[in-house]
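Below is one structure, written out as structure tokens; comments come after it.
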Amino acid sequence: MKRDADCIFCKIVAGEIPSQKVFETDTVFAFLDIAPVKPGHTLVIPKEHFATLLEMDAALAGPMHEAVQKIAAAAMEATGAKGFNLQVNTHKVAGQLVPHVHYHIIPRHEDDGLSLWAQSPYDSDAAMQEVADKMRATITK
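Here it is, written out as structure tokens:
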């Protein structure tokens, strides 16, 4: 299993740094965020080191998703939340602070004051079409 000796999340998985672990399997580890957006804010990570989601082994998608479902349900029940946001930040420009892929589960309550996205619509249908065309052309199957 690949590990980065300088990665804070790898150190948490190894038990070198304490955490409030809420879930663990052979491949997935989850713990409460030390600077939560809301109570119950949980980070779900693969135990193996991958800097971003784009580098993560696709075989981990299933175990990660299964963990997210269980943990999100538990976070909602524990906090009385009525929903949750699932967020993955990839690269610094998108808000990734730790270079180890991680999913944020953020429990949500009615009128909790948290706003995650400001909408910025396309200038035109043609501009939207252009982006879609470029994406389709670069996606590999």
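Each residue of the sequence shown is one higher than the one before, starting from 1 at the first, in UniProt numbering. Ideal placement from N, C-alpha and C gives every residue a C-beta, glycine not left out.
Checklist entry - Does the distance from the CB of residue 105 to the CB of residue 78 come in under 7 Å? => result For residue 105 and residue 78, no; Cβs fall outside 7 Å.
Item to check | Same chain, Cβ closer than 6 Å to residue 4, neighbours up to 5 away in sequence not counted | outcome: 10 and 49
Checklist entry - Is it the case that the Cβ atoms of residue 107 and residue 64 are separated by a distance below 7 Å? => result no
Next on the checklist: From the DSSP secondary-structure annotation, give me the bridge partner or partners of residue 21.
Outcome noted: For residue 21, which the question treats as bridged, DSSP gives the partners 31.
Checklist entry - Nearest to residue 103 by alpha carbon, out of 59, 20 and 43? => result 43
Checklist entry - Does the distance from the CB of residue 90 to the CB of residue 32 come in under 7 Å? => result no
Item to check | Residue closest to residue 96, alpha-carbon to alpha-carbon, out of 132, 118, 17 and 51 | outcome: The residue with the shortest Cα to Cα distance from residue 96 is 51.
Checklist entry - Between residue 45 and residue 29, is the Cβ-Cβ spacing less than 7 Å? => result Yes, the pair counts as a contact, with Cβ atoms nearer than the cut-off.
Checklist entry - What is the C-beta distance between residue 99 and residue 7, in whole angstroms, given that I count them as a contact (C-beta under 8 Å)? => result 7 Å
Checklist entry - Alpha carbon to alpha carbon, how far is residue 136 from residue 16? => result When rounded, the distance between both Cα atoms is 43 Å.
Checklist entry - Which residues bound the beta strand (DSSP E) around residue 50? => result Taken as a continuous stretch (DSSP letters only), residue 50 belongs to no beta strand (DSSP E), as it is neither H nor E.
Checklist entry - So is residue 82 buried or exposed if we call it buried at 16+ other beta carbons inside 10 Å? => result It is exposed - the Cβ of residue 82 has fewer than 16 other Cβ atoms within 10 Å.
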